[in-house]
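Chains as they are written, first to last, in the working numbering: chain A, 1 to 307; chain B, 308 to 632; chain C, 633 to 962.
Encoded as structure tokens, the structure appears first; notes follow it.
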Amino acid sequence: MGRYVIRRLLQMIPVFFGTTLLIFLMVNVMGDPIAGLCGDRQCDPATAAQLRTEFGLDKPVWQQYLTYMGNIFTGDFGTAFNGQKVTELMATAFPITIRLTIVAIVFEIVIGISLGVVTGLRRGRPVDTVVLILTLVVIAVPTFVTGLLLQLLLGVEWGIIKPSVSSEAPVDELIVPGLVLASVSLAYVTRLTRTSIAENARADYVRTAVAKGLPRRRVVVRHLLRNSLIPVVTFIGTDVGALMGGAIVTERIFNIHGVGYQLYQGILRQNSQTVVGFVTVLVLVFLAANLIVDLLYAVLDPRIRYA
Amino acid sequence: MLLEVRDLHVEFHTRDGVAKAVNGVNYSVAEGETLAVLGESGSGKSVTAQAVMGILDMPPGRISGGEILFKDRDLLKLKADERRRIRGQEMAMIFQDALSSLNPVLSVGQQLGEMFVVHRGMSRGDARAKAIELMDRVRIPAARERVGDFPHQFSGGMRQRIMIAMAMALEPSLIIADEPTTALDVTVQAQVMDLLAELQRELNMGLILITHDLGVVADVADKIAVMYAGRIVETSPVHEIYQAPAHPYTKGLLRSIPRLDQKGQELYAIKGLPPNLLHIPPGCAFHPRCPMAQAVCRTDVPPLYTVDEERRSACHFWKETLDAR
Amino acid sequence: MPEQKPWDETTGSGAISGAGAGGGMDLAMDEGTTLEKTPGGPEGTGPAGKPRSLWSDAWRDLRRNPVFIISSLVILFLVIISIWPSLIADQDPLDCDLSKAQEGSQPGHPFGFDGQGCDVYTRTVYGARTSVTVGVLSTLGVSLLGGVLGGLAGFFGRGWDAVLSRITDVFFGIPVVLGGLVFLSVVTSSTVWPVIGFIVLLGWPQIARIARGSVITAKQNDYVQAARALGASNSRMMLRHIMPNAIAPVIVVATIALGTYISLEATLSYLGVGLKPPAVSWGIDISAASQYVRNAPHMLLWPAGALAVTVLAFIMLGDAVRDALDPKLR
């Protein structure tokens, strides 16, 4: 178990540096990191050259990357376009996005797994067919369309929710945005649970449980569900990172001032420090989520624990 | 009689049509008696057993006729919950592949103890003590230390002992063992079979032993039922059948066992393939493969002819078969 | 041999799990794409049944599957109008009249006008070309790159495999919409190429994983081991024995991915970094319409509906093909 964790941690190191380097290159090589620094105008050549030296942009890219990473590990994420420290932006943005993500994950777990279990146990019946078609529709309609439609219906037409979320973003205002953010993953969780339940329902050990004379409820919950949820837990865990990164669309629709909003501003204003800083933290979150999933996997499946 | 299966019919509805897996099976088991059910893959021997246990997948399976009398009650007429209470308490089943038949994520102690928790309402702690006791009884070394281990941590033979322990847990009166030793090494097979026979004697249980291994049968069975294409083709006490089979199929099975005194000769094999259950041949289902087949075999389904008091054969020419040794 | 239930067609067990990795490109990911090969069940060997292959079996199923028929017809229609949009739309999508902005349906303009006074019907028809082009070309690129790299990693294993696994991990670590914003915000071209390039760049690891997994499974098949033992060359093994067996999951995942790539293009265009005007794209139109949604919801609903139907058609096609290739789940 200990060796397993260490191996996974070691495997994450190249992934961390690879991912951050990739983002760093995208921002600093493809784009022009100083373009946003002179306001809306183009910088004049002299200022530009001065800024380049000041930010070390005249050095080779790998040196820039190392310097940047070094700064990050000392807690210096640089300065955003409006003169605020990037870390300050993070301090206000991350709690909001984390709340939004938690709401989304709760939806995935509660609705996704319930629907998956119900349909998995009733494969081929009407309820199964209807839910399956619904999941396909949810997957097919892009999140931003779902979001705009829900905002139009619930917010504008019926007035059930506020069309845009206030700047504190309390949990009750995040329910509909959370559902929108979760929608596609929710459909995947439903389908994944359904498939997993249906596959395991035919497993020999389920037949054994029935032959032992266990009540159906116990067969389903203790034997079938416990095994079937292993891949689902894996999916939901890895989805945490994807949700936080994908929140950008939802946050834009509902005007939520979270990570996606700040990133979007950073990109619009070509502020490379904001972009790379936020993305680096997101990558860390993603890797941490993956590690937790691996550990959870080992807890849930003794065959891995003792391998 | 402990168990009596009467004219059982089971079919499976598949995309390609209706597969008739069991077509009028009759057999019975008394307390303390061992019935060996013999047959190739697809002969319906496992399906019959699953119907008795009540663990048939329905759908696609369907019991289309017959009775299953257990202690004079027709199991097919019981409510689902009554049926469930019989499973595990009064009849239990041992499966072929213990690794896949045990739940991979629960410890063997939990899986054994579960029987006592569910059927006897015991506390978890008491159930654990019972689990250790059971593991001792099937002679698993260091039971106390290993009760928290998971199935994959045991060897094949040990796993099958755990399956046996689970089946014996509540001292049922009938055990159905579906190819209990097929997946094991030859050396381990005998040990497991001996353990099963020993426990059966101690508890005076009825045992249905499903197998295609004639060697296993000779040692432990009291009587034999041979199945082909969902029908019983021959029933007999165990010794008579080895000496003089009354059905050409049984005869073919016996001849295909390699024997030491036939060294150098070519091994016998029944020609042809097992029948397709979607299209069972008319008349005697065995006729396309039978060396003795006549015109009548292609048209008339043979009834179970009475050979003697204890023997039956579903062959129009059982007399000729008996004589032509 | 263990007794086989007569209705159970499957004998092999080659489960390939596509799940397990959410991460970046999870738009296109579906539940553990498990495909089982059927080397020949009881019917395959039985005297009454003729031998059937995985593909002919699947085709027999698909022909009878209404989901497959409907989605194929929708896709056929989409392909035709993206090649010849003038077949059903005789106006120019860029011919706009500001004085008619936001007007509703009227004769000759069944879907009304958008915020710039362009005909919504014509723009919706022409939008199909963009979506289909992005979808098809991205899928081709992703499948080629991912299929070849993943296949090689699965076939040669060891070093290749370790390197590929780490590289795919890196790409999976980048949330896809975010990557799109960063990567495409610096591009000014209004053609489809940057978007396609981006999708291929971030999409190939997903296919590579699937291809790797299915090649490894195919490699373990007994007949492949036998071919190896008989001294078949690597290229012959790859082409004759492994490819035909390993390609099914790749096709399934790629078909489903095609739908999600279309959705991704629209999302990126909605965020203002995908296609840029004067390109005609449903994403651009939806983005523009979202500002007027209170007054003129028709501007949003038509392109959004077209987008949803298109994506749905491809996802359903992939789903039907997967079901047909995976008899275990029936």
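Each residue gets a CB set at the ideal place from its N, CA and C atoms; glycine is no exception.
The structure displayed is predicted, hence computed values, not measured ones.
- Collapsing the DSSP output to three states places Gly331(B) in a strand.
- Leu834(C) is not a Cβ neighbour of Val827(C), given a cutoff of 8 Å.
- Counting only the Cα atoms, Ala794(C) lies some 13 Å from Gly783(C).
- Using a CB distance cut-off of 8 Å, Pro126(A) does not count as an interface residue toward chain C.
- Identification of chain B residues near Arg226(A) by a Cβ-Cβ cut-off of 7 Å yields Val412, ordered along the chain.
- Taking a cut-off of 8 Å on C-beta distances, the region 220-239 of chain A touches the region 176-195 of chain A, as three or more cross pairs fall below it.
- It is roughly 60 Å from the alpha-carbon of Ile918(C) to the alpha-carbon of Val424(B).
- Counting only Cβ-Cβ distances below 9 Å, Leu300(A) has contacts in chain B at Val412, in chain order.
- Contact check for Gly395(B) and Lys212(A): beta-carbon distance about 4 Å, within the 8 Å limit, so the pair qualifies.
- In the DSSP assignment, Leu516(B) falls within the unbroken beta strand (DSSP E) covering 513-518.
- Rounded to whole angstroms, Glu374(B) and Gly537(B) show a C-alpha spacing of 16 Å.
- In the structure shown, the three-state DSSP call for Ser543(B) is strand.
- Proximity of chain C to Leu152(A) at the Cβ level (cut-off 7 Å) is accounted for by Val925, Pro929, in chain order.
- Nearest neighbour of Ile831(C) by Cα position, chosen from Val847(C), Ala850(C), Ile848(C), Pro807(C), turns out to be Pro807(C).
- In this structure, the beta-carbon distance from Phe286(A) to Gly258(A) does not fall below 8 Å.
- Contacts with chain A at 8 Å (Cβ-Cβ) do not include Ile531(B).
- Thr341(B): not part of any alpha helix (DSSP H); member of the beta strand (DSSP E) spanning 341-345, first to last residue.
- Beta-bridge partners of Tyr535(B) (DSSP): Arg538(B).
- Assignment of beta-bridge partners to Val312(B) by DSSP yields Tyr334(B), Ile375(B).
- Nearest CB-CB separation between Gln550(B) and chain A: not below the 8 Å threshold.
- Every unbroken stretch of the alpha helix (DSSP H) spanning 4 or more residues and falling wholly within the region 863-925 of chain C is given here in chain order: 875-902, 914-921.
- Counting along the chain, Leu481(B) sits inside the beta strand (DSSP E) bounded by residues 481-485.
- For Thr79(A), the CB contacts under 8 Å within the same chain, skipping 5 residues up- and downstream, are Lys85, Val86, Gln273 in chain order.
- If you draw a straight line from the Cα of Ile548(B) to the Cα of Pro366(B), it is about 37 Å long.
- In this structure the region 467-479 of chain B does not touch the region 335-342 of chain B; the number of beta carbon pairs closer than 8 Å is below three.
- Exposed is the label assigned to Phe73(A), since fewer than 16 other Cβ atoms lie within 10 Å of its Cβ.
- Going by beta carbons, Ile370(B) and His316(B) fall inside the 8 Å limit.
- Spatial neighbours of Phe144(A) in its own chain (CB-CB distance under 6 Å, excluding positions within 5 residues in sequence) are listed in chain order as Val249.
- Here the C-alpha atom of Asp433(B) lies approximately 8 Å from the C-alpha atom of Gly420(B).
- In this structure, Gly464(B) keeps its C-beta atom at 8 Å or more from the C-beta atom of Gln418(B).
- Between Ala211(A) and chain B, the shortest Cβ-Cβ separation is below 8 Å.
- Distance check between Gly331(B) and each of Lys626(B), Leu611(B), Phe624(B), Glu616(B) places Leu611(B) closest, using alpha-carbon atoms only.
- Scanning chain C for C-beta atoms nearer than 7 Å to the C-beta of Ala140(A) yields Gly891, Ala940, Val943, Leu944, Ile947, reported in chain order.
- Residues are counted here when their Cβ sits less than 9 Å from a Cβ of chain A; for the region 797-828 of chain C these are Ser797, Arg798, Ile799, Asp801, Val802, Phe803, Phe804, Gly805, Ile806, Pro807, Val808, Val809, Leu810, Gly811, Leu813, Val814, Phe815, Ser817, Val818, Val819, given in chain order.
- At least one C-beta of chain B is nearer than 8 Å to the C-beta of Pro215(A).
- Annotation for Ile401(B): the continuous beta strand (DSSP E) segment containing it runs 398-401.
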